[in-house]
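Heads up, the thing below is written out as structure tokens.
Numbering (the numbering used here), first residue to last: 2 to 185.
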């Protein structure tokens with residue numbers, strides 16, 4: 002991302018940076034950045050693709066590593082609540098019955114040598130949950146989807162389907178059950 006002071010920075014970059022035009026990140030960079038919001042503490046974490054590995058009869062589990070604290074815990078919790086409420090308010094295809102999740106869609110124009118494509122996008126959805134006790138973060142990125150250009154239409158349902166399976170695999174109880182267990 003170009004910032005004031007860079008040799009190739011122009012005043013127009015200030016405006017385009019504000020809505021993500023001209024900014025590109027890898028999926029791992031996105032997951033790492035969003036982790037600061039998702040964990041509710043404002044701590045940016047090193048992402049892991051696996052939970053653990055068993056080799057020669059021993060289980061190895063990566064230790065969580067904090068790589069920075071770009072936002073306060075209060076800001077992380079506020080953003081999570083706003084993003085969860087936003088999904089609930091629009092009856093998003095990302096919602097998973099029994100679990101309160103938070104997330105954000107993305108729809109990016111595809112760059113071309115002369116600007117941006119008028120008919121191709123990359124669509125995404127990044128989400129996490131359960132909101133009250135985050136256990137997972139899932140990033141779905143679809144390159145040039147053909148059925149719809151919008152992340153809310155093509156990527157959010159993939160998140161939904163993945164999380165429905167993930168909560169079973171990770172043995173994460175529905176929110177009502179988890180709250181009942183916490184109250185006893």
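Where a beta carbon is used, it is the ideal one built from N, C-alpha and C, also for glycine.
Only a predicted model underlies this, so the values are computations on that prediction, with no experimental measurement involved.
How about residue i and residue j: are their beta carbons less than 8 Å apart?
i, j, result
"residue 156", "residue 169", "no"
"residue 138", "residue 35", "yes"
"residue 47", "residue 26", "no"
"residue 70", "residue 91", "no"
Quick check: what's the CA-CA separation for residue i versus residue j?
i, j, result
"residue 57", "residue 50", "21 Å"
"residue 96", "residue 41", "19 Å"
"residue 183", "residue 150", "42 Å"
"residue 134", "residue 38", "13 Å"
"residue 6", "residue 76", "28 Å"
"residue 17", "residue 32", "22 Å"
"residue 89", "residue 98", "11 Å"
"residue 65", "residue 54", "15 Å"
"residue 72", "residue 116", "33 Å"
"residue 153", "residue 107", "8 Å"
"residue 14", "residue 23", "8 Å"
"residue 110", "residue 181", "45 Å"
"residue 177", "residue 28", "32 Å"
"residue 112", "residue 20", "15 Å"
Would you decide whether residue i is buried or exposed? Buried here means 16 or more other CB atoms lie within 10 Å of its CB.
i, result
"residue 171", "exposed"
"residue 52", "exposed"
"residue 84", "buried"
"residue 59", "exposed"
"residue 93", "buried"
"residue 173", "buried"
"residue 122", "buried"
"residue 86", "exposed"
"residue 125", "buried"
"residue 79", "exposed"
"residue 160", "buried"
"residue 81", "buried"
Tell me the residue span of the beta strand (DSSP E) that contains residue i.
i, result
"residue 67", "67 to 69"
"residue 192", "Past the boundaries of the shown model lies residue 192; the chain is included only from 2 to 185, so the question cannot be answered."
"residue 28", "Residue 28 -> not in any beta strand (DSSP E); alpha helix (DSSP H) instead, spanning 28 to 39."
"residue 112", "103 to 113"
"residue 122", "116 to 130"
The alpha helix (DSSP H) spanning residue i covers which residue range?
i, result
"residue 87", "74 to 90"
"residue 182", "176 to 183"
"residue 143", "No alpha helix (DSSP H) contains residue 143, which is instead part of the beta strand (DSSP E) from 137 to 144."
Count the C-beta pairs between the region 123 to 139 and the region 94 to 109 that are closer than 8 Å, then say yes if the count reaches three, no if not. Touching, per the Cβ criterion.
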